[in-house]
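Chains as they are written, first to last, in my numbering: chain A, 1 to 152; chain R, 153 to 267.
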Amino acid sequence: MLPDSIERDILIQAPVDAVWRIVTEPDQIAQWFSDKAEVDLRPGGSGSLTFEQHGVTAPFVVEAVEPPHRFAWRWSHPEGSVPREGNSTLVEFLLRTEGDGTRLRIVESGIAALERTDAEKRDFLEDHGGGWTTCITSLGEYAPKVAAAVPR
Amino acid sequence: MSGATIDDEQLWAAVADPSRRRLLDLLLAGGEASASALARDLPFSRQATAKHLAVLERAGIVEARRHGREVRYAVLPQTLEAATQAMAGVAARWDARLEAIKRLAEAAERERQAR
Numbered sequence: 001m002l003p004d005s006i007e008r009d010i011l012i013q014a015p016v017d018a019v020w021r022i023v024t025e026p027d028q029i030a031q032w033f034s035d036k037a038e039v040d041l042r043p044g045g046s047g048s049l050t051f052e053q054h055g056v057t058a059p060f061v062v063e064a065v066e067p068p069h070r071f072a073w074r075w076s077h078p079e080g081s082v083p084r085e086g087n088s089t090l091v092e093f094l095l096r097t098e099g100d101g102t103r104l105r106i107v108e109s110g111i112a113a114l115e116r117t118d119a120e121k122r123d124f125l126e127d128h129g130g131g132w133t134t135c136i137t138s139l140g141e142y143a144p145k146v147a148a149a150v151p152r
Numbered sequence: 153m154s155g156a157t158i159d160d161e162q163l164w165a166a167v168a169d170p171s172r173r174r175l176l177d178l179l180l181a182g183g184e185a186s187a188s189a190l191a192r193d194l195p196f197s198r199q200a201t202a203k204h205l206a207v208l209e210r211a212g213i214v215e216a217r218r219h220g221r222e223v224r225y226a227v228l229p230q231t232l233e234a235a236t237q238a239m240a241g242v243a244a245r246w247d248a249r250l251e252a253i254k255r256l257a258e259a260a261e262r263e264r265q266a267r
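Here it is, written out as C-alpha cells:
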C-alpha cells in the first residue's frame with residue numbers, strides 16, 4: 001500500500017525551449033539541483049549529480065529525451081547495478097506550453113517497487129524527498145484532528 | 153514511551169494502509185479503546201485489528217495502556233505531528249527545485265527580452 005509516485009508542477013513565464021535547456025543542460029542543472037552535474041543526453045546515456053555538502057555523487061541513466069516535452073531518467077538503484085523497473089525510480093520532467101509560458105510537471109514513480117533495505121529507504125527519502133506526498137495528504141488530514149482531540 | 157524517535161520507513165508503511173487509517177480515525181474520534189472495542193466498529197476481524205495496532209505501535213503512532221486486565225490503545229499525537237512536519241519538509245524539496253527552475257528560466261527570459 002505504499003504510495004508509488006509523486007507529482008508536482010509549476011507554471012513558468014518562459015518559452016518551453018528555455019525551460020528545456022534549464023532542465024537538461026549540466027551547467028544549468030548544477031544551479032537548481034546539485035553542485036555538479038553530468039549528462040550524456042541520449043536514451044541510455046549516463047549522468048550524475050554531485051552533492052558536495054554530503055560528499056555524494058548520485059548516478060542516473062537517461063531513459064527518454066524528447067525535446068522539448070519530455071526528459072526522463074532512472075536513479076536510486078543499488079550501487080553497481082543497472083537501473084530498471086523495480087530497483088530504481090523514474091524521474092520524468094514533462095513540459096508543455098500554457099498561455100505565454102510553460103507548465104513544468106515532475107513525476108517520480110516506482111517508489112513502492114523499490115527493492116532495498118529499510119536503511120536504504122530512509123536514505124532515499126532523506127535524499128530525494130520522493131514518495132511522501134501521498135502520505136502527507138493523509139497525515140495532513142490527521143494533524144487538525146489530533147490537535148482537536150487532545151487537550152494540551 | 154516511543155514518541156520521541158520516528159522511524160520514517162515504519163511510519164510510512166503504517167499510515168499508507170487504508171485499514172490502519174480507518175483505525176486511526178476511530179481512535180482519534182473516540183480516544184482510548186481496546187482492540188475488541190475497535191474491532192466491533194471495523195469491517196475486519198479482531199486478529200486483523202490487533203495486527204494493525206501492533207504495526208501502529210511499532211511505528212510509535214499509538215501506545216498501549218494497561219487498565220487492569222484490559223489493554224487500551226491511544227494515539228500519540230506528538231509522533232503524528234512530528235511526522236507530519238518532517239514529511240512536509242522532505243516533500244517540499246521537489247517544490248523548491250521547481251521554484252529554482254522557474255527563477256532561472258524567468259530571469260533568462262527577461263534578459264532575452266531586454267536585449
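Backbone N, C-alpha and C fix where the C-beta goes; we use that ideal spot for every residue, glycine too. A quick note: this is a predicted structure, and the numbers were derived from the prediction, not measured.
Check                                                                                                          : Outcome
Three-state class that DSSP yields for P15/A in the structure shown                                            : coil
DSSP-derived helix/strand/coil call for R255/R                                                                 : helix
Beta carbon proximity, R249/R to chain A, threshold 8 Å                                                        : yes
Nearest to L178/R (by Cα), restricted to the options D169/R, S197/R, A248/R and L190/R                         : L190/R
Cβ-Cβ separation, E261/R to Q28/A (assumed contact under 8 Å), whole Å                                         : With a Cβ gap of about 14 Å, Q28/A and E261/R do not count as contacting.
Other residues of its chain near E92/A: CB distance less than 6 Å, five sequence neighbours each side excluded : A72 and V107
Exposure label - H54/A; buried when at least 16 CB within 10 Å                                                 : exposed
Contact check, L90/A vs E63/A, beta carbons under 8 Å                                                          : yes
Alpha-carbon spacing of R217/R relative to R174/R, whole angstroms                                             : 20 Å
Limits of the alpha helix (DSSP H) - the one that S109/A falls within                                          : Run containing S109/A: none in the alpha helix (DSSP H); it sits in the beta strand (DSSP E), G101 to S109.
R42/A versus A266/R: straight-line alpha-carbon distance, rounded                                              : 33 Å
Cutoff 6 Å; reference G45/A; Cβ partners in own chain excluding five residues on either side                   : V62
7 Å Cβ cut-off: residues of chain A touching K254/R                                                            : I10 and I12
From A252/R, A166/R, S171/R and H219/R, residue whose alpha carbon lies closest to that of S197/R              : S171/R
Beta-carbon gap between V223/R and A166/R smaller than 8 Å                                                     : no
Under 8 Å between C-beta atoms of F51/A and D35/A                                                              : yes
Nearest candidate by alpha-carbon position, reference L250/R, set P15/A, D17/A, W32/A and T24/A                : W32/A
Boundaries (first-last residue) of the alpha helix (DSSP H) holding L176/R                                     : P170 to G182
Chain A within 8 Å of A257/R, Cβ atoms only                                                                    : yes
Environment of G182/R [buried if 16+ CB atoms lie within 10 Å]                                                 : exposed
Contacts that E209/R makes with chain A (C-beta to C-beta distance below 9 Å)                                  : Those do not exist, as E209/R stays about 16 Å from chain A at its closest Cβ, beyond 9 Å.
Chain R contacts from the stretch 20 to 34 of chain A (Cβ-Cβ distance under 9 Å)                               : R21, I22, V23, Q28, Q31, W32 and F33
Contacts of A37/A in chain R (Cβ-Cβ under 7 Å)                                                                 : By Cβ distance, chain R contributes nothing, its closest Cβ being about 12 Å from A37/A, past 7 Å.
Segment limits, alpha helix (DSSP H) that includes R210/R                                                      : R198 to R210
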